[in-house]
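**Student:**
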Amino acid sequence: MVDQIQAYIAKYHMIEQGDTVFVGVSGGADSVSLMTVLLELRDRIGFDMEVIHVEHGIRGKASREDACFVDNLCRKHEILFHMREVDVPEYAGKCHLGVEEAARILRYQAFADIAKEAVKAGKKAKVALAHHLDDNAETILFQMIRGSGLKGMCGMQPVRQDEHGICYIRPMLCVSRVQIEVYLRQKGMKYRTDATNFELDYSRNRIRNVILPQLMQLNTQAVPHIGQTAERLQEVWDFLESEVDRQAERIFEKREDTVILKADLLEQNASAVAKELVRRAIFLAAGKQKDITAVHVNDVLALCGMQSGKQIRLPYGIIARKEYDTIRLFKAGKMVRSTWEYEIRESELMPGNRLCIPDIPGGGTVTIRVMDFDGNMQEIPKKPYTKWLDYDMIKNGFLLRYRRSGDFFYADHKGHRKKLKEYFVNEKIPQEQRDQMLLVAKESEVFAILGGRSSASCLVTEQTRYILEIKYDGGKE
Numbered sequence: 085m086v087d088q089i090q091a092y093i094a095k096y097h098m099i100e101q102g103d104t105v106f107v108g109v110s111g112g113a114d115s116v117s118l119m120t121v122l123l124e125l126r127d128r129i130g131f132d133m134e135v136i137h138v139e140h141g142i143r144g145k146a147s148r149e150d151a152c153f154v155d156n157l158c159r160k161h162e163i164l165f166h167m168r169e170v171d172v173p174e175y176a177g178k179c180h181l182g183v184e185e186a187a188r189i190l191r192y193q194a195f196a197d198i199a200k201e202a203v204k205a206g207k208k209a210k211v212a213l214a215h216h217l218d219d220n221a222e223t224i225l226f227q228m229i230r231g232s233g234l235k236g237m238c239g240m241q242p243v244r245q246d247e248h249g250i251c252y253i254r255p256m257l258c259v260s261r262v263q264i265e266v267y268l269r270q271k272g273m274k275y276r277t278d279a280t281n282f283e284l285d286y287s288r289n290r291i292r293n294v295i296l297p298q299l300m301q302l303n304t305q306a307v308p309h310i311g312q313t314a315e316r317l318q319e320v321w322d323f324l325e326s327e328v329d330r331q332a333e334r335i336f337e338k339r340e341d342t343v344i345l346k347a348d349l350l351e352q353n354a355s356a357v358a359k360e361l362v363r364r365a366i367f368l369a370a371g372k373q374k375d376i377t378a379v380h381v382n383d384v385l386a387l388c389g390m391q392s393g394k395q396i397r398l399p400y401g402i403i404a405r406k407e408y409d410t411i412r413l414f415k416a417g418k419m420v421r422s423t424w425e426y427e428i429r430e431s432e433l434m435p436g437n438r439l440c441i442p443d444i445p446g447g448g449t450v451t452i453r454v455m456d457f458d459g460n461m462q463e464i465p466k467k468p469y470t471k472w473l474d475y476d477m478i479k480n481g482f483l484l485r486y487r488r489s490g491d492f493f494y495a496d497h498k499g500h501r502k503k504l505k506e507y508f509v510n511e512k513i514p515q516e517q518r519d520q521m522l523l524v525a526k527e528s529e530v531f532a533i534l535g536g537r538s539s540a541s542c543l544v545t546e547q548t549r550y551i552l553e554i555k556y557d558g559g560k561e
């Protein structure tokens, strides 16, 4: 078994010479076996080894005896021992989690904290976990039962990195529980038995102690076959993920707390790719995806065929809204209309003057200047965020602000008014973007929309004497 594990380590480049491997040891058969195997391989490969034990605060005296057992084992083999105490029941209650999930989160936090300290000290730290073939089969069945997607059906990975860059390795993922038990008997190794592993109140225990044995009665190779299927699914997932990576750049973009999906391009993809693109977009908007199900993904995809304005609510307070040819994902409460305004007084609008208004809420700076105009209409800039207006029409002052109810502008020289809202609808400007478009206005009259059109009431003509130039560098020209 040791040679088999060494070959598996080499196959996935789990451990290299000079690494410091932190072994998670609970005191049970699996982790004691991993520790013993790595002790045999330590000199062969040339790595350092330390042990981490997490005391979960669940089993009282028995839990403390586990910690003492692992401590003594480390003393016997002269291995540095790290222990972390956590309160799983308290954390589970505070975060409304099951005991199993809370224990897993706190355990991995402890592993990551110790490994990060080692990295700061200059060590090449890796965390070794004692999962084996049977554990992987349990995980795959558990994910299948709870309706997991393709990613969850791939099971445990031999090597993975967390968000902190800490590398987790599973050297025993190639061996079965039976092999481990035989190995421990041959070595005469003692280990602790957690009585809660046999309680059927926990989902995984029921899979381990009831469902898997029944599957083994149907086929003695059920466990390795499940693992082999997961490996093939991993190959499919790797291909799918590479396609999603390729499509993501052209189909959606991230803007602060908003993710924008191009609905028409999304629909052009194969169903599997489209679904994973949506799943990734939701993750970008929410920052997590544990409670995102196939139902949520399908609901977002259904928005592609709906009219503009339709929206649905997703977990984590995310709203998905159809806006013309896009779908916007944003957190509820984020799209609040700004009340910011900046007054430009008449005394500041003198020919030759230049004003600079920094720190616009949407980012960037507005520059305003008054200058002579020689009547050459070809000089009028075509850039949407640089406006030339007739100074004499608005020299009495105005506000820089965002839209308000009742805003309008003059659509032509005949004095026909047009509601700003109507303009936004006709131009198919998305809801979120409307609230971020800076206006040049006085009371309810809008002189110019920075990034949009200008009012006919202050357009430059050949008779214009002075130009009022307003330039916003926070927009995309």
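Residue numbers (our numbering): 85 to 561.
Positions of the beta carbon are idealized from the N, C-alpha and C atoms, including for glycine.
Give me the DSSP bridge partner(s) of Cys251.
**Tutor:** Beta-bridge pairing links Cys251 to Lys210 and Gln245.
**Student:** Helix, strand or coil for Val328 per DSSP?
**Tutor:** Three-state result, Val328: helix.
**Student:** Is it buried or exposed, Thr277, if we count other Cβ atoms within 10 angstroms and call 16 or more buried?
**Tutor:** Label assigned to Thr277: exposed.
**Student:** Would you kindly work out how many angstroms separate the C-alpha atoms of Arg603 and Asp375, rounded to a whole number?
**Tutor:** Look at the range of the chain in this structure, 85 to 561, and you will see that residue 603 is not part of it.
**Student:** Would you list the residues sitting across from Asp103 in a DSSP beta bridge?
**Tutor:** In DSSP, Asp103 forms a bridge with Lys208.
**Student:** Kindly indicate which three-state DSSP category Glu425 falls into: helix, strand or coil?
**Tutor:** If DSSP states are grouped into helix, strand and coil, Glu425 belongs with the strands.
**Student:** Could you tell me the boundaries of the alpha helix (DSSP H) in which Tyr486 lies?
**Tutor:** Tyr486 -> no alpha helix (DSSP H), and no H or E assigned at all.
**Student:** If you follow the beta strand (DSSP E) that Gln395 is in, where does it begin and where does it stop?
**Tutor:** Gln395 to Leu398 is the span of the beta strand (DSSP E), which, as asked, contains Gln395.
**Student:** If the criterion is Cβ atoms closer than 7 Å, does the pair Phe165 and Asp150 meet it?
**Tutor:** No.
**Student:** Check the Cβ-Cβ distances between Glu184 and every residue of chain B, and say whether any is below 7 Å.
**Tutor:** Of the protein chains in the structure, only one exists, and it is not chain B.
**Student:** If I measure Cβ to Cβ from Val203 and keep anything under 7 Å in the same chain, skipping five residues before and after, which residues do I get?
**Tutor:** So the list reads Ala209, once near-sequence residues are dropped.
**Student:** Determine the direct distance from the alpha carbon of Leu523 to that of Ile452, and round the result to whole angstroms.
**Tutor:** Whole-angstrom Cα-Cα distance: 13 Å.
**Student:** Just mark Gly311 as buried or exposed, buried being the case when its beta carbon has 16 or more other beta carbons within 10 Å.
**Tutor:** Counting Cβ neighbours within 10 Å, Gly311 comes out buried, since at least 16 surround it.
**Student:** Using three-state DSSP, classify Leu523 as helix, strand or coil.
**Tutor:** It is a strand residue.
**Student:** Would Tyr556 pass as a contact of Val454 if the rule is Cβ separation under 7 Å?
**Tutor:** Their beta carbons are not under 7 Å apart, which means Tyr556 does not touch Val454 by this criterion.
**Student:** What does a CB cutoff of less than 7 Å around Glu222 pick up in its chain, not counting 5 residues either side in sequence?
**Tutor:** Same-chain partners within the cutoff: Arg288, Ile291, Arg292 and Leu296.
**Student:** Is the segment 395-410 touching the segment 472-489, taking contact as three or more C-beta pairs under 8 Å?
**Tutor:** No: fewer than three Cβ pairs fall under 8 Å.
**Student:** Out of Pro308, Glu134, Glu546 and Tyr400, which has the shortest C-alpha to C-alpha gap to Thr104?
**Tutor:** For Thr104, the nearest C-alpha among the options comes from Glu134.
**Student:** At a cut of 8 Å, does the segment 427-444 reach the segment 365-374 through at least three beta carbon pairs?
**Tutor:** At 8 Å Cβ cutoff, the stretches do not touch.
**Student:** I'd like to know whether the C-beta atoms of Ala347 and Ile411 end up nearer to each other than 7 Å.
**Tutor:** Yes, the pair counts as a contact, with Cβ atoms nearer than the cut-off.
**Student:** For Gly108, which residues does DSSP report across the bridge?
**Tutor:** Answer is Ile136.
**Student:** Got a sec? Which residues, its chain only, sit under 7 Å from Ala194 by beta carbon, not counting five neighbours each side?
**Tutor:** Same-chain partners within the cutoff: Ile136, Val138, Arg168 and Val170.
**Student:** Among the residues of its own chain, which have a CB less than 6 Å from the CB of Asn303, if the five just before and after it don't count?
**Tutor:** So no residue of the chain qualifies.
**Student:** Quick check on the DSSP output: the alpha helix (DSSP H) that includes Asp218 runs from which residue to which?
**Tutor:** Run containing Asp218: Leu217 to Ile229, per the alpha helix (DSSP H) assignment.
**Student:** With a 10 Å radius around its C-beta and 16 neighbouring C-beta atoms as the bar for buried, classify Thr545 as buried or exposed.
**Tutor:** Exposed is the call here.
**Student:** Might you give, ordered along the chain, the residues of its own chain that have their beta carbon closer than 7 Å to the beta carbon of Pro442, omitting 5 neighbours on each side?
**Tutor:** Hits under 7 Å: Thr449.
**Student:** Run through the segment 342-405 for me and flag every whole beta strand (DSSP E) of 3 or more residues, listed as ranges in chain order.
**Tutor:** List check, beta strand (DSSP E) in window: 342-346 and 395-398.
**Student:** How about Lys471 and Ser538: are their beta carbons less than 7 Å apart?
**Tutor:** In contact: Lys471 and Ser538 (Cβ atoms closer than 7 Å).
**Student:** Which same chain residues end up closer than 7 Å to Lys502 when comparing Cβ atoms and leaving out the 5 residues on each side of it in sequence?
**Tutor:** Phe492, Phe493 and Ala495.
**Student:** What are the boundary residues of the beta strand (DSSP E) that Ile452 is part of?
**Tutor:** Ile452 -> beta strand (DSSP E) spans Val450 to Asp456.
**Student:** For a minimum of 4 consecutive residues, which ranges assigned as the alpha helix (DSSP H) are wholly contained in the segment 156-203?
**Tutor:** For the segment 156-203, whole alpha helix (DSSP H) runs of length 4 or above, ordered along the chain, are 172-179.
**Student:** Considering only C-alpha positions, which residue in the set His215, Gly490, Arg230 and Arg397 is nearest to Asp110?
**Tutor:** What sits at residue 110 in the sequence shown is Ser, not Asp. For the residues His215, Gly490, Arg230 and Arg397, the minimum Cα distance to Ser110 belongs to His215.
**Student:** Using beta-carbon positions only, say whether Met237 and Asn220 come within less than 7 Å of one another.
**Tutor:** Contact flag unset, no.
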